[in-house]
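Participant:
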Amino acid sequence: MDLLEAMRTTFSCREFTDDPVTDDQLHRILDAARFAPSGGNRQGGHVVVVRDRDTRQALGEMCGPTLRLYAAQAAAGETPFSSVHPSAVDVEEAFATPVDLFPLFDHLGDVPVVLVVSVDLAEVASMDVDLDRVGLVTGASIYPLVWNLLLAARSEGLAGVVTTAVVPAEDGVRALLGLPETHAIAALVPLGVPVRRLTKLTRRPVEDFVTVDRFDGEPLRPGSDG
Ligand SMILES: Cc1cc2nc3c(=O)[nH]c(=O)nc-3n(C[C@H](O)[C@H](O)[C@H](O)COP(=O)(O)O)c2cc1C
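Going by numbering that gives the first Met the number 0, 14 is the number at position 15 of the sequence shown; the sequence numbering is gapless.
Shown next as structure tokens:
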């Protein structure tokens, strides 16, 4: 598949057929994905391929409280889990309120395979570590690998979705999967054959988020350089 076409149409897949994902497929996918960049090329990532159904189901259940809080904050008009604006939502009440928006996580055991991608923080140059805001740079040493594997999955007829809802339950995941103390979870990626393929993604146009010379500069338009 053409690279630009793949970039424009790789959607978030949350419904899968029962078709299996083989180790050969996963190996080919990860063999392409491993060419992702990381800071200083330190390559601190690790991928756990969760083949065990009960483990997948347990991982899905660990996402529950976070997904319920996410739904409550979104319903209250907030940006969920904002590091800038504190939430006014009652956490305990949200945890106790069931939502059926996220069937994928309730049935994660049924998904053909789940990848848990972590990064060894001892290997990452987190250049924003001393700034007075949430860290961003650390993730840049692992999310290119995550996105690369989803792009590579396209070439195998597979699809998946980047999810982070399990991250607040990192201690439980550490115990479940035996993650070393210095590893932080970047994403949980369910993978399989998609039930349907979306080709039209909703994204902001370039002119909405790209400006020239300054943040408040003119929007970048084709041919505007004279
Ligand atoms: C950092 C990140 C975290 C995400 N976390 C979740 C998640 O926890 N659960 C989920 O269902 N989707 C999650 N997503 C998927 C987004 O909802 C999805 O990329 C977005 O809605 C665009 O969907 P589309 O590509 O199908 O248009 C996440 C995506 C990113 C990039």
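Using N, Cα and C, we set each Cβ at its ideal position, and we do this for glycine too.
Owing to the predicted nature of the structure, the values given are computational and were not obtained by experimental measurement.
Indicate, with yes or no, if ligand 1 has a heavy atom lying under 7 Å from the CB of residue 181.
Facilitator: Not under cutoff, so the answer is no.
Participant: How many angstroms separate the CA atom of residue 226 from the CA atom of residue 55?
Facilitator: The chain is shown only over 0 to 225; residue 226 falls outside these bounds and no answer can be derived.
Participant: Please confirm whether residue 108 and residue 43 have their CB atoms less than 8 Å apart.
Facilitator: Going by C-beta atoms, residue 108 is not nearer than 8 Å to residue 43.
Participant: Secondary structure at residue 45, three-state DSSP: helix, strand or coil?
Facilitator: Note: residue 45 maps to strand in three-state DSSP.
Participant: Using CA atoms only, rank isn't needed, just tell me which of 132, 67, 194 and 212 is closest to residue 111.
Facilitator: Among 132, 67, 194 and 212, the Cα nearest to that of residue 111 belongs to 194.
Participant: Can you check DSSP and say which residues form a bridge with residue 119?
Facilitator: DSSP output for residue 119 lists 182 as bridge partner(s).
Participant: For residue 32, which three-state DSSP category applies?
Facilitator: The answer is helix: DSSP assigns residue 32 an H, G or I state.
Participant: Considering just the uninterrupted stretch of the alpha helix (DSSP H) at residue 90, what are its terminal residues?
Facilitator: Its alpha helix (DSSP H) spans residues 90–94.
Participant: Measuring straight from C-alpha to C-alpha, what distance separates residue 169 and residue 63?
Facilitator: Straight-line Cα distance between these residues: approximately 13 Å.
Participant: Give the DSSP-derived three-state secondary structure of residue 198 in the structure shown.
Facilitator: Residue state, collapsed to three classes: coil.
Participant: Between the C-alpha atoms of residue 80 and residue 71, what's the straight-line distance to the nearest angstrom?
Facilitator: So the two alpha carbons sit approximately 11 Å from each other.
Participant: Within the same chain, show all residues whose beta-carbon is closer than 7 Å to that of residue 20, passing over the 5 residues directly before and after it, in chain order.
Facilitator: Around residue 20: 111, 112, 157, 190 and 191.
Participant: Indicate whether residue 188 and residue 162 have their beta-carbon atoms separated by less than 8 Å.
Facilitator: The answer is yes: Cβ separation under 8 Å.
Participant: Look at residue 185 and residue 138 and say whether their C-beta atoms are less than 8 Å apart.
Facilitator: In contact: residue 185 and residue 138 (Cβ atoms closer than 8 Å).
Participant: Please classify residue 162: does DSSP put it in a helix, a strand, or coil?
Facilitator: Here residue 162 sits in strand by DSSP.
Participant: Would the beta-carbon of residue 24 fall within 8 Å of that of residue 155?
Facilitator: It is a contact, given that the beta carbons lie within the stated cut-off.
Participant: Could you check what DSSP says for residue 76 in three-state terms: helix, strand or coil?
Facilitator: Note: residue 76 maps to coil in three-state DSSP.
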